[in-house]
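*Asks:* Going by the UniProt record's numbering, 264 is the number at position 264 of the sequence shown; the sequence numbering is gapless.
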Amino acid sequence: MMLVGANVAVAKVLAEALPIALVAFLRCVLAVAVLWPLARMMEGRVRISPSAKRNLFLQALFGTAIYNAGLLAGLRLTSALEGGMVLATLPAVVAIGSFLWLRERLSGRQWAAAALAGFGMAAITLARLDASGHGSVLGNFLIFLGVGGEAIYVLLAKRIVGAVPVITASLWMQAFSALVLLPFAAPGLGATAALADPAMLGLMLFHSLTASVLCLLLWYKGLERVPAGVAGVFTAFLPATAAVTAVLFLGESFGAVHLAGFTLMMASVMLATWPRKTA
């Protein structure tokens, strides 16, 4: 979760230097190059049913292509600090999606978490309206659309949980994502010359190998050792790390309204994910 949060700042730098579709496409291609031998070595040849492949394609479309497009486009207009806060609405959006789509019942705590996430979004939106006009409001909205894509990915993943091994599923998702993104990335392939800069190449490699490979492996390995509810609490590190990285490395300012929004977002994440007491 800390690496995911740090990647918000990294993604902002990349999105300002390279075409958005190209960043997302290269991230997927690099991930496939790592995941393919890793899947063969750790999981062997896995047969996947046509229905599972369709599900993985939809997961790639929403969870990789749409999520990355929303995130990268939004970060061109808003700050990494606020982008991290918007991403913190994910647990609440997933809960609402489960209620509307999967007809799952929500507890009072989950409704409260969704309300707090909404108030947090309102706080940072008001900060933008009062400060620098509508540009950052649009940026935050685009990132929130990306959150919606990621939430749909999570809900789709529930359909095939346990049916496809983690690394193999990730490999197919990244491959499908690269195919979806290729027509949009192709016109900007000439911009890869910017990666001749070692610093920019290093950021691209870090972004791809952590966000699309290492974060996933760490998360699922952790889930083998702790309950999902406990693991969920650690999603609080996403907005926290994004905020620290944005302030320390990008020089972004952290004001009183940001503090209010950050507090509401953290409370929302904790309410949505804190493990329930068992009798």
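Glycine is no exception: its CB is placed at the ideal position from the N, C-alpha and C atoms.
These numbers come from a predicted model, not from an experiment.
Got a sec? Which residues, its chain only, sit under 6 angstroms from F99 by beta carbon, not counting five neighbours each side?
*Replies:* Cβ within range, chain order: L106.
*Asks:* Determine whether the beta carbon atoms of A185 and F25 lie at a separation below 7 angstroms.
*Replies:* For A185 and F25, yes; Cβs fall inside 7 angstroms.
*Asks:* Under 7 angstroms, do A15 and R76 count as touching if we go by C-beta distance?
*Replies:* Yes; because the gap between Cβ atoms is below 7 angstroms, this pair is in contact.
*Asks:* Within 8 angstroms, do at least three Cβ pairs link the segment 160-168 to the segment 32-52?
*Replies:* Enough Cβ pairs lie closer than 8 angstroms, so yes.
*Asks:* If we require 4 or more residues per run, which alpha helix (DSSP H) segments fall completely within the UniProt domain "EamA" (2-125)?
*Replies:* Those alpha helix (DSSP H) runs which fall completely within the UniProt domain "EamA" (2-125) and span 4+ residues are 2-17, 20-43, 50-59, 67-75, 80-87, 90-100.
*Asks:* If we ignore side chains and look at the alpha-carbon of each, how far apart do I143 and N68 end up?
*Replies:* Roughly 9 angstroms between the two C-alpha positions.
*Asks:* With H, G and I counted as helix, E and B as strand and the rest as coil, what does DSSP make of W274?
*Replies:* Three-state DSSP puts W274 in coil, outside helix and strand.
*Asks:* Which runs of the alpha helix (DSSP H) fall wholly inside the UniProt domain "EamA" (138-273) and span at least 4 residues, in chain order?
*Replies:* DSSP runs (the alpha helix (DSSP H)) wholly in the UniProt domain "EamA" (138-273): 166-185, 198-209, 215-223, 228-233, 237-249, 256-273.
*Asks:* Would you mind stating whether A140 and E82 have Cβ atoms separated by less than 7 angstroms?
*Replies:* For the record, residue 140 in the displayed sequence is Asn; it is not Ala. Yes, Cβ-Cβ distance for N140 and E82 is below 7 angstroms.
*Asks:* On the three-pair Cβ rule with 8 angstroms, is the segment 148-160 touching the segment 30-44?
*Replies:* The segment 148-160, when compared against the segment 30-44, does not touch it at the 8 angstroms Cβ threshold.
*Asks:* For A242, does the count of other Cβ atoms within 10 angstroms reach 16, so buried, or fall short, so exposed?
*Replies:* Counting Cβ neighbours within 10 Å, A242 comes out buried, since at least 16 surround it.
*Asks:* Starting from the C-beta of L145, find all residues in its chain whose C-beta is less than 6 angstroms away, skip the five residues before and the five after it, and write them out in chain order.
*Replies:* Contacts found: G70.
*Asks:* For a test of your reading of the model: does the CB of L138 fall under 6 angstroms from any non-hydrogen atom of the ligand SAH? Yes or no.
*Replies:* With respect to the ligand SAH, the structure offers nothing, as it holds no ligand at all.
*Asks:* Only counting the same chain, and skipping five residues up and downstream in sequence, which positions put a Cβ closer than 8 angstroms to that of L214?
*Replies:* Hits under 8 angstroms: L3.
*Asks:* Once you ignore the five residues that flank A21 on each side, which residues in its own chain have a CB closer than 7 angstroms to its CB?
*Replies:* Excluding residues within five positions, the ones whose Cβ falls inside 7 angstroms are L181, F184, A185, G188.
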